[in-house]
Amino acid sequence: MDMPSNYKAFNVVEVKFKGSRKDFYINYENHYLENGELVAVETATGGYDIGHISLTGELVRMQLKRRHVKPEDVSKKILRKASTSDVDKWKAAKDLEWETMHRARKLALDLGLACSSRI
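Our numbering puts the sequence shown at residues 148 to 266.
Here you go:
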């Protein structure tokens, strides 16, 4: 669908992270982003995180309204599209999570601590 000639694209996107966490980020540099694309976003601690674009455009405006968030309150930025190096580090960290979880459960069992199967 063609947009009016004076239409300015909405520059806030929704990004989904592991564990179904989602947050809103400003696309300051107006990267062309599609749903499912991996991006590097800034964190509150000054680092960066990798997530998938889950919503763009006017759907984000509707989601902000639904969650009672004002567009001007969104302050975190999309840093860049995820590079190959970013994706490799992200996958390596994800792979380590599984091993670490099992090691922690084994330690808890060895120590006789109650272990929850939900993490």
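Don't be surprised by glycine CBs; every beta carbon is placed ideally from N, CA and C.
Per the DSSP calculation, residue i is bridged to which residue(s)?
i, result
"L185", "H199"
"E176", "In DSSP, E176 forms no bridge with anything."
"R227", "A187"
Within 10 angstroms of the Cβ of residue i, are there 16 or more other Cβ atoms? Answer buried if so, exposed if not.
i, result
"E161", "buried"
"A251", "exposed"
"A229", "buried"
"Y175", "exposed"
Would residue i pass as a contact of residue j if the rule is Cβ separation under 9 Å?
i, j, result
"A156", "N182", "no"
"L185", "V234", "yes"
Would you mind working out which of the options sits nearest residue i, comparing C-alpha positions?
i, options, result
"G198", "K217, P218 and R168", "R168"
"P158", "E244, T190 and E219", "In the sequence as displayed, the identity of residue 158 is Asn instead of Pro. Measuring from the Cα of N158, the nearest candidate turns out to be E219."
"D196", "S232, V216, E246 and Y179", "S232"
"L180", "G204, F164, A191 and G193", "G204"
"S201", "M248, K165, L254 and E189", "K165"
Determine, for residue i, whether the minimum Cβ-Cβ distance to residues of chain B falls below 9 Å.
i, result
"V186", "Checking the listed chains, one finds no chain B in this structure; it contains a single protein chain."
Problem - Validate contact between the stretch 194-213 and the stretch 252-259 using beta carbons, cut 8 Å, 3 pairs - result: Because the criterion of three Cβ pairs below 8 Å is not met, the stretch 194-213 and the stretch 252-259 do not touch.
Exercise for the section: Spell out a yes or no on whether the stretch 242-258 and the stretch 219-226 are touching, meaning 3 or more CB-CB pairs, one atom from each, closer than 8 Å. Expected result: With the cut-off at 8 Å, the stretch 242-258 and the stretch 219-226 do not touch.
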